[in-house]
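So the structure is just underneath, and the comments pick up after that.
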Amino acid sequence: MNQIEHIDITHLTVHEAAEQMPELSPAAYHVLADSIKDVGIADPLKVIRTDRPDRYQVIDGRHRLKVAGILGLSRVPVVVTDEDPFVIALDSVVARRQLTKSGIALVLFERCPYILGNKGGRPKKPVAEQQVSGNPEISSTGAALKELSDSFIKLADKYGIPRDYFTYIKQAYAETEAKALGTNDLGAKKIYEAEWRWFREAILNEEKGAGGAHAGLISRLNMAGKARPDPTILTLGENGKLSGTLPTAFNSLRKGFSLWDKLESKARSAFVDEFAKLLKELPNDLRALI
336 MNQIEHIDIT HLTVHEAAEQ MPELSPAAYH VLADSIKDVG IADPLKVIRT
386 DRPDRYQVID GRHRLKVAGI LGLSRVPVVV TDEDPFVIAL DSVVARRQLT
436 KSGIALVLFE RCPYILGNKG GRPKKPVAEQ QVSGNPEISS TGAALKELSD
486 SFIKLADKYG IPRDYFTYIK QAYAETEAKA LGTNDLGAKK IYEAEWRWFR
536 EAILNEEKGA GGAHAGLISR LNMAGKARPD PTILTLGENG KLSGTLPTAF
586 NSLRKGFSLW DKLESKARSA FVDEFAKLLK ELPNDLRALI
């Protein structure tokens with residue numbers, strides 16, 4: 336194992352590969368923060384060197400680094416590695432957050448340039464259009480994408496991901512996020528983006544597998560001719576009550592209040608933090624009315 340070093344946190348930044356991985360849930364983040372507060376950072380961060388000899392990028396441990404900064408720690412334990420940043424970051428997410436195979440497939444899909452067409456995760460043009468012979472720049476891009484596709488297949492095999500999971504996710508992406516990127520209709524864009532978020536959360540929150548989430552997505556898109564109501568649109572009925580999708584969110588919040596007595600201390604703390612954020616976002620005139 337590589338030697339553990341203690342590095343000044345001001346010399347550390349978070350690598351793009353780690354930034355792109357799913358966030359810890361609020362409850363899990365509070366558990367981590369309490370642990371570090373009590374016993375310090377027991378598990379060293381994994382970092383890679385940069386062009387500057389005294390600067391490093393974190394590929395495993397961004398949440399530990401964040402907590403260290405909040406707690407005022409000046410130095411953190413790290414292990415310097417030269418392994419592939421994406422693979423290390425993904426391994427960390429899988430090991431620490433116990434993602435399902437559908438969740439791993441989604442993370443792989445969103446980070447794989449071979450499927451999405453470019454490193455940032457939003458395709459500029461289809462991969463097939465990029466692999467045009469005779470153009471040195473395009474040809475080299477095609478070669479790079481081929482190499483990435485091999486790495487992608489190895490990762491999929493490593494985690495035992497069935498190929499049909501990727502088929503479901505690709506189809507869901509094509510029906511939502513890809514259409515959002517290709518339309519100038521702001522209303523349609525909001526709908527497609529919202530449905531892609533629903534699909535992602537259904538998988539990452541372990542509510543559904545890839546197949547179930549895809550079936551649910553198709554059902555949602557088929558409702559009202561693929562035109563779900565905008566959650567920002569409200570109407571006032573003759574009974575004086577609001578109708579629309581926002582009241583549904585209010586009801587969910589009420590349900591959260593009703594469960595308060597059943598929540599453990601960690602969950603209560605996470606709930607309070609999220610509710611405090613919501614209150615801070617209230618418009619000033621609404622706050623005054625309340």
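Start counting at 1 in the sequence shown, then tack on 335, and there's your number in the working numbering.
From the three backbone atoms N, C-alpha and C, an ideal C-beta is built for every residue, glycine too.
Please read these numbers as outputs of a predicted model, since none were measured by experiment.
Close beta carbons around residue i, own chain, < 6 Å, minus the five adjacent residues each side
{"i": "SER626", "result": "Outside the shown range of the chain (336 to 625) lies residue 626, about which nothing can therefore be said."}
Under 8 Å between C-beta atoms of residue i and residue j
{"i": "LYS556", "j": "GLU510", "result": "The sequence given here has Leu at residue 556, not Lys. For LEU556 and GLU510, yes; Cβs fall inside 8 Å."}
{"i": "HIS341", "j": "ARG387", "result": "no"}
{"i": "ALA529", "j": "ILE504", "result": "no"}
{"i": "PHE421", "j": "ARG390", "result": "no"}
{"i": "ASP417", "j": "ILE383", "result": "yes"}
{"i": "VAL393", "j": "VAL349", "result": "yes"}
{"i": "GLU379", "j": "ILE439", "result": "Per the sequence presented here, residue 379 reads as Pro, with Glu not at that position. Not in contact: PRO379 and ILE439 (Cβ atoms no closer than 8 Å)."}
{"i": "ARG532", "j": "LEU441", "result": "no"}
{"i": "GLY495", "j": "LYS436", "result": "yes"}
{"i": "PHE592", "j": "LEU598", "result": "no"}
DSSP state of residue i mapped onto helix, strand, coil
{"i": "ARG387", "result": "coil"}
{"i": "PRO420", "result": "helix"}
{"i": "PRO361", "result": "helix"}
{"i": "ASP520", "result": "coil"}
{"i": "ILE526", "result": "helix"}
{"i": "GLU536", "result": "helix"}
{"i": "GLU616", "result": "coil"}
{"i": "GLU340", "result": "strand"}
{"i": "GLN355", "result": "coil"}
{"i": "ILE496", "result": "coil"}
{"i": "ILE625", "result": "coil"}
Same chain, Cβ closer than 7 Å to residue i, five either side skipped, listed in chain order
{"i": "ILE276", "result": "As displayed, the chain neither begins before 336 nor continues past 625, which places residue 276 out of reach and without an answer."}
{"i": "LEU406", "result": "ILE371, LYS372"}
{"i": "ALA479", "result": "Caution applies to ALA479, whose pLDDT of 46 falls short of 50 and renders its modelled position unreliable; the model cannot decide the point."}
{"i": "LYS601", "result": "ALA362, HIS365, VAL366"}
{"i": "ALA352", "result": "ILE394, PRO420, PHE421, ALA424"}
For residue i, the residue or residues it bridges with in DSSP
{"i": "ASP395", "result": "LYS381"}
{"i": "THR348", "result": "GLN392"}
{"i": "ASP369", "result": "Beta-bridge pairing links ASP369 to no other residue."}
{"i": "ARG410", "result": "ASP343"}
{"i": "VAL415", "result": "VAL382"}
Neighbourhood of residue i by C-beta distance below 8 Å, restricted to the same chain and skipping five residues each side
{"i": "GLU609", "result": "PRO361"}
{"i": "VAL414", "result": "MET336, ASN337, GLN338, ILE339, GLU340, PRO379, LEU380, LYS381, VAL382"}
*Can you find at least 3 beta carbon pairs, one from the stretch 422 to 430 and one from the stretch 352 to 363, that sit closer than 8 Å?*
At 8 Å Cβ cutoff, the stretches touch.
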